[in-house]
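Q: Below you will find the structure I want to go over with you.
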Amino acid sequence: MRVLISTFALLAVTTAAFAQHGGDHARGAQVMPNAEPGSRDIKALSREQVADLRAARGMGLALAAERNGYPGPMHALEHAEALRLTTLQTIELQLVMDGMRRNAIAAGERVIEAERILDRLFSERRATPDAVAEATARIGVESASLRAVHLAAHIATRAVLTSDQIVRYDEVRGYRRAD
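Counted the way mature numbering (1 follows the signal peptide of the UniProt record, and there is no 0) counts, the sequence shown spans residues -19 to -1, 1 to 160.
And the structure:
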């Protein structure tokens, strides 16, 4: 009886796996949007993701700060008039923004390189559990470093703004209703 149950369980799992991974391709179903990997330098990153990393775009990395009362420098500068930023605040926020951009571009390049190393492990058929663990750990460290850069910029921005400006920022960004 156990053998019969195990056989049915195995059949169910393999049927589900086949349906998810390749069973559809064999029948000519549409290819997934990320199935353009032959044209990608790094298969795990889309061209848009690489461009975002190289341009220091936030990509939602600082939402923990943004949605908890720690404005971002770019959006604060975009809403300078609504926030009634002083000249000094504008200069300080531009410095925060410039430093964040410089550091985020460098960190983004490190993420790209770490992803490239992982990609090569597989493309060159050198992937082993230990090598993959090491490569993914590096990706984790570099990704965390990039996120920390963005979060630090939000902390620095909060220090530049008044409490009233932070409330106004949340209003203009749509995070809270104006009173």
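We put the CB at the ideal spot given by N, CA and C, even for glycine.
(1) According to DSSP, is Pro52 helix, strand or coil?
(2) Which of the three DSSP states is assigned to Thr68 in this structure?
(3) Applying the criterion that 16 or more other CB atoms from any shown protein chain within 10 Å of the CB defines a buried residue, is Ala57 buried or exposed?
(4) Is the distance from the Cβ of Arg149 to the Cβ of Leu64 below 7 Å?
(5) Are Val77 and Ala134 touching if we call contact CB-CB under 7 Å?
(6) Between Ile23, Leu66, Val31 and Met40, which lies nearest to His131 when the distance is taken from Cα to Cα?
(7) Quick one: is Gly155 buried, meaning 16 or more other Cβ sit within 10 Å of its Cβ, or exposed?
(8) I'd like the span of the alpha helix (DSSP H) that includes His131, first residue to last.
(9) Counting Cβ pairs closer than 8 Å, one from the stretch 77 to 87 and one from the stretch 28 to 38, do we hit at least three?
(10) Quick one: residues in its chain with C-beta nearer than 8 Å to the C-beta of Arg48, no 5 flanking neighbours on either side, listed in chain order?
(11) Looking at the secondary structure, which residues open and close the alpha helix (DSSP H) in which Ala43 lies?
(12) Alpha carbon to alpha carbon, how far is Ile72 from Ile23? Give it in angstroms, no decimals.
(13) Output the distance between the C-alpha atoms of Leu99 and Gly80, rounded to the nearest integer angstrom.
(14) Tell me which residues share the same chain as Val153 and place their Cβ nearer than 7 Å to its Cβ, disregarding the 5 neighbours each side in the sequence.
(15) Going along the chain, which residues of its own chain have a beta-carbon closer than 6 Å to the beta-carbon of Arg128, five neighbours each way excluded?
(16) Taking 6 Å as the cut-off, is the beta-carbon of Glu73 closer than that to any non-hydrogen atom of the ligand FAD?
(17) Please say whether Glu96 and Ala25 have beta carbons closer to each other than 7 Å?
A: Taking the coordinates as given:
(1) In the sequence shown, counting from the first residue as 1, residue 52 sits at position 71. If DSSP states are grouped into helix, strand and coil, Pro52 belongs with coil.
(2) Position 87 of the sequence shown holds residue 68. Helix at Thr68.
(3) The residue labelled residue 57 in the question sits at position 76 within the sequence shown. Buried is the call here.
(4) In the sequence shown, the residue the question calls residue 149 occupies position 168. In the sequence shown, the residue the question calls residue 64 occupies position 83. Contact: yes.
(5) Position 96 of the sequence shown, counted from the first residue, corresponds to residue 77. Position 153 of the sequence shown, counted from the first residue, corresponds to residue 134. Taking 7 Å as the Cβ cut-off, Val77 and Ala134 qualify as a contacting pair.
(6) By one-based count along the sequence shown, residue 131 stands at place 150. The candidate whose alpha carbon is nearest that of His131 is Met40.
(7) One-based indexing of the sequence shown puts residue 155 at position 174. Around the Cβ of Gly155, a 10 Å sphere holds fewer than 16 other Cβ atoms; the residue is exposed.
(8) In the sequence shown, the residue the question calls residue 131 occupies position 150. For His131, the uninterrupted alpha helix (DSSP H) segment begins and ends at Pro110 to Val141.
(9) Inter-segment contact for the stretch 77 to 87 and the stretch 28 to 38 is present: three or more beta-carbon pairs are separated by less than 8 Å.
(10) Walking along the sequence shown from the start, residue 48 turns up at place 67. Result list for Arg48: Tyr156, in chain order.
(11) Residue mapping note: residue 43 aligns to position 62 of the sequence shown, counting from 1. Ala43 -> no alpha helix (DSSP H), and no H or E assigned at all.
(12) Walking along the sequence shown from the start, residue 23 turns up at place 42. Walking along the sequence shown from the start, residue 72 turns up at place 91. Answer to the nearest angstrom: the Cα atoms are 38 Å apart.
(13) Residue mapping note: residue 99 aligns to position 118 of the sequence shown, counting from 1. Residue mapping note: residue 80 aligns to position 99 of the sequence shown, counting from 1. Distance between the alpha carbons of Leu99 and Gly80: 29 Å.
(14) Locating residue 153 in the sequence shown gives position 172, where the first residue counts as 1. Excluding sequence neighbours, Val153 sits near His60 and Ala63.
(15) As a first step, residue 128 is located in the sequence shown; it is residue number 147 there, counting from the start. These residues qualify, in order along the chain: Leu42.
(16) Among the components of this structure there are no ligands whatsoever, and the ligand FAD is therefore not found.
(17) Position 44 of the sequence shown, counted from the start, is the residue given in the question as residue 25. Position 115 of the sequence shown, counted from the start, is the residue given in the question as residue 96. With contacts defined by Cβ atoms closer than 7 Å, Ala25 and Glu96 form a contacting pair.
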